[in-house]
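Just below is one structure, and these are the notes that go with it.
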Amino acid sequence: MSEFERELQSRLASIRAQGLYRELRRVHSSQGPRIEIGGKTLLNFSSNDYLGLSNHPVLKEAAIKAVEKFGAGIGASRLICGSLAPHHDLEESLTRFKGTEAALSFSSGYAAAIGTICALLGKDDIIVVDKLVHACIVDAARLCGAKIRIFAHNDLNELEDILKWAAGKSRITHHALRTLIVTESVFSMDGDHAPLREILALKEKYGAWLMVDEAHATGLYGPNRRGLAEHLGVSDGIEIQMGTLGKALGASGGCICGSRALVDLLINRARSFIFSTAPVPAAAAAATAAVNLVQSEEGRALSDKLWVRVQELQSALGFRPSALPSAIIPLILGEESAAVAAAARLREQGLFVPAIRYPTVARGAARLRVTLTATHTLENVKALSLALRQFDHRPSAIGD
Ligand SMILES: *Cc1c(COP(=O)(O)O)cnc(C)c1O
Numbered sequence: 022m023s024e025f026e027r028e029l030q031s032r033l034a035s036i037r038a039q040g041l042y043r044e045l046r047r048v049h050s051s052q053g054p055r056i057e058i059g060g061k062t063l064l065n066f067s068s069n070d071y072l073g074l075s076n077h078p079v080l081k082e083a084a085i086k087a088v089e090k091f092g093a094g095i096g097a098s099r100l101i102c103g104s105l106a107p108h109h110d111l112e113e114s115l116t117r118f119k120g121t122e123a124a125l126s127f128s129s130g131y132a133a134a135i136g137t138i139c140a141l142l143g144k145d146d147i148i149v150v151d152k153l154v155h156a157c158i159v160d161a162a163r164l165c166g167a168k169i170r171i172f173a174h175n176d177l178n179e180l181e182d183i184l185k186w187a188a189g190k191s192r193i194t195h196h197a198l199r200t201l202i203v204t205e206s207v208f209s210m211d212g213d214h215a216p217l218r219e220i221l222a223l224k225e226k227y228g229a230w231l232m233v234d235e236a237h238a239t240g241l242y243g244p245n246r247r248g249l250a251e252h253l254g255v256s257d258g259i260e261i262q263m264g265t266l267g268k269a270l271g272a273s274g275g276c277i278c279g280s281r282a283l284v285d286l287l288i289n290r291a292r293s294f295i296f297s298t299a300p301v302p303a304a305a306a307a308a309t310a311a312v313n314l315v316q317s318e319e320g321r322a323l324s325d326k327l328w329v330r331v332q333e334l335q336s337a338l339g340f341r342p343s344a345l346p347s348a349i350i351p352l353i354l355g356e357e358s359a360a361v362a363a364a365a366r367l368r369e370q371g372l373f374v375p376a377i378r379y380p381t382v383a384r385g386a387a388r389l390r391v392t393l394t395a396t397h398t399l400e401n402v403k404a405l406s407l408a409l410r411q412f413d414h415r416p417s418a419i420g421d
């Protein structure tokens, strides 16, 4: 064995010893309330396809038409010869959907976060993030070189202390440091919500900028399903609205919505946008169809149905019904090995619920992460709640 291989084997052994080893599972079906894994059909409670749009005939038709007209691939980045009509259609739809001046699509939400944060901040700036933000924001914060300050999850007092400190630093250095606050609106592993109104008030008080990642809210909240910011009536105060096209929107890609100047700057400075082949036409066309669909009566009916399922599960598990629901329902088990064993047991019983462990969540906060979708039935929810009773769990560690 070469030294390289020996080194990798020893690292893998250490990952295994900590109960953190991960491996891929081959899925033989499309996404849906049932998926086929390893020759077995399982009830699926793990997908972020919250409205079931990934298999919606309107999205599939849009993707097929785009392939027929524009081909399967692109062969260039947006700034060379890859800025196709489907990308522009998508960005115009996103602009209307979000009610912003402009929008820019990326190949993924991850690429949107990295490209945007690094385009906006440098080493003289400050980035202030919630403790539980997604890995793509953590990575972007590190990569951009700004000073990183982390506030405890949804802790407005700590956020204000940091903003005060940042404002004081500007006074000492005699030049205004740019300070960017980044939070999610619905947190991906806990399903709880950020107090966006209060965060907005603080960012205005201290002259900071605000970026909100709506990955788990786009398509689900607000009168037009724009996201939690719309539901709370704070969209206009947020400089940078980020979303993904791959979750409730059922397609693939990421997006940033905001001012014309923001989008123009990103086209010129976001390296993950500039130096990467454009998303395939099928993805852009499917996302456009999804953006239009979520705003329709059908979109409203689908999100209403999702909230009914969430309420049914919460009441079956004896959880307090949330005033503001989310499709993500974590059951905290604690030990990594307990979560992995519980997920394996559920798979034997025909239910697919993923175990989420470090480094996705903190050590000792391992959990089963249940996600519900509008395509689940009441019977599906009943089967799940019955099976979950065998475990000793608590609702989210941090409540909602
Ligand atoms: C999934 C996710 C992303 C990344 O989006 P992709 O389109 O999957 O790359 C970003 N932020 C949050 C909170 C997410 O859950």
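Residue numbers (the numbering used here): 22 to 421.
Glycine included, each C-beta is placed from N, C-alpha and C at the ideal position.
Just so you know, these numbers come straight off a predicted model, no measurement behind them.
If you compare the alpha carbons of Leu-74, Lys-185 and Ala-140 with that of Cys-165, the shortest gap goes to Ala-140. For Lys-168, the uninterrupted beta strand (DSSP E) run begins and ends at 168-172, by DSSP. About 5 Å separates the CB atoms of Ala-134 and Ile-158; that is less than 8 Å, so the two are in contact. In terms of Cβ geometry, Ala-87 and Ala-306 form a close pair [threshold 7 Å].
Bounds of the beta strand (DSSP E) holding Glu-205 are 200-205. The residues Gly-240 and Arg-246, in chain order, have a CB closer than 6 Å to that of Val-315 in the same chain once the five nearest residues on each side in sequence are set aside.
By the Cβ criterion, the region 394-412 is in contact with the region 49-59, since at least three pairs of Cβ atoms, one from each stretch, lie closer than 8 Å.
Its Cα nearest to that of Val-207, the residue Thr-392 stands out among Leu-286, Gln-411 and Thr-392. By the neighbour-count criterion, in which 16 or more other beta carbons inside 10 Å mark a residue as buried, Pro-300 falls on the buried side.
Separation of the CB atoms of Ile-36 and Arg-46 is rounded to 17 Å, and the pair is thereby denied contact status at 8 Å. Taking every protein chain shown into account, the CB of Arg-99 has 16 or more other CB atoms within 10 angstroms, so this residue is buried. Cβ atoms of Ala-132 and Gly-275 come within 8 Å of each other, at about 6 Å. Between the region 375-383 and the region 329-337, the count of Cβ pairs shorter than 8 Å is below three; the stretches do not touch. Residue side-chain check: Tyr-71 keeps its Cβ at 6 Å or more from all non-hydrogen atoms of ligand 1.
Distance from the CA of Val-79 to the CA of Ala-310, rounded to the nearest whole angstrom, comes to 7 Å. Within 10 angstroms of the beta-carbon of Cys-102 lie fewer than 16 other beta-carbons, which makes it exposed.
Within the region 237-277, the complete alpha helix (DSSP H) segments of 4 residues or longer fall at 249-253, listed in chain order. About 6 Å separates the beta carbon of Glu-205 from that of Val-154, a gap short enough to meet the 8 Å contact definition. Remark: fewer than three beta-carbon pairs, one from each stretch, lie closer than 8 Å, so the region 70-84 and the region 279-298 are not flagged as touching.
Counting C-beta atoms within 10 angstroms of its own C-beta, Arg-390 has 16 or more neighbours from the protein chains shown and is therefore classed as buried.
Exclusion of the five residues before and after Val-284 leaves Ala-123 and Leu-125 as the residues of its chain whose Cβ lies within less than 6 Å of its Cβ. DSSP, reduced to helix, strand and coil, places Ala-307 within a helical segment of the structure shown. Annotated as distal: Cys-278 and Lys-81, with beta-carbon spacing of 7 Å or more. Judged by the Cβ position, Ser-114 fails to qualify as a neighbour of ligand 1 at the 6 Å threshold, every heavy atom of the ligand being at least this far. Short note on His-49: C-beta not closer than 6 Å to any heavy atom of ligand 1. Looking at the DSSP output, Trp-230 sits in a beta bridge with Leu-201. Assignment of Asp-70 by DSSP, reduced to helix, strand and coil, places it in the coil class. Contact between Ile-193 and Ala-161 fails: their C-beta atoms lie close to 27 Å from each other, not under 8 Å.
Residue nearest to Leu-249 within the set His-77, Asp-145 and Leu-345 is Leu-345 (criterion: CA-CA distance). For Ala-360, the enclosing alpha helix (DSSP H) covers residues 357-369. At a cut-off of 6 Å, the beta-carbon of His-155 counts as near ligand 1: some heavy atom of the ligand is closer than that.
Residue side-chain check: Tyr-131 places its Cβ nearer than 6 Å to a non-hydrogen atom of ligand 1. In terms of side-chain proximity, the C-beta atom of Gly-271 is found no nearer than 6 Å to any non-hydrogen atom of ligand 1.
In the DSSP assignment, Asn-65 is bridged to Phe-373. Between ligand 1 and Asp-234, a heavy atom-to-CB distance of less than 6 Å is present.
For Pro-78, the secondary structure class from DSSP, reduced to helix, strand or coil, is helix.
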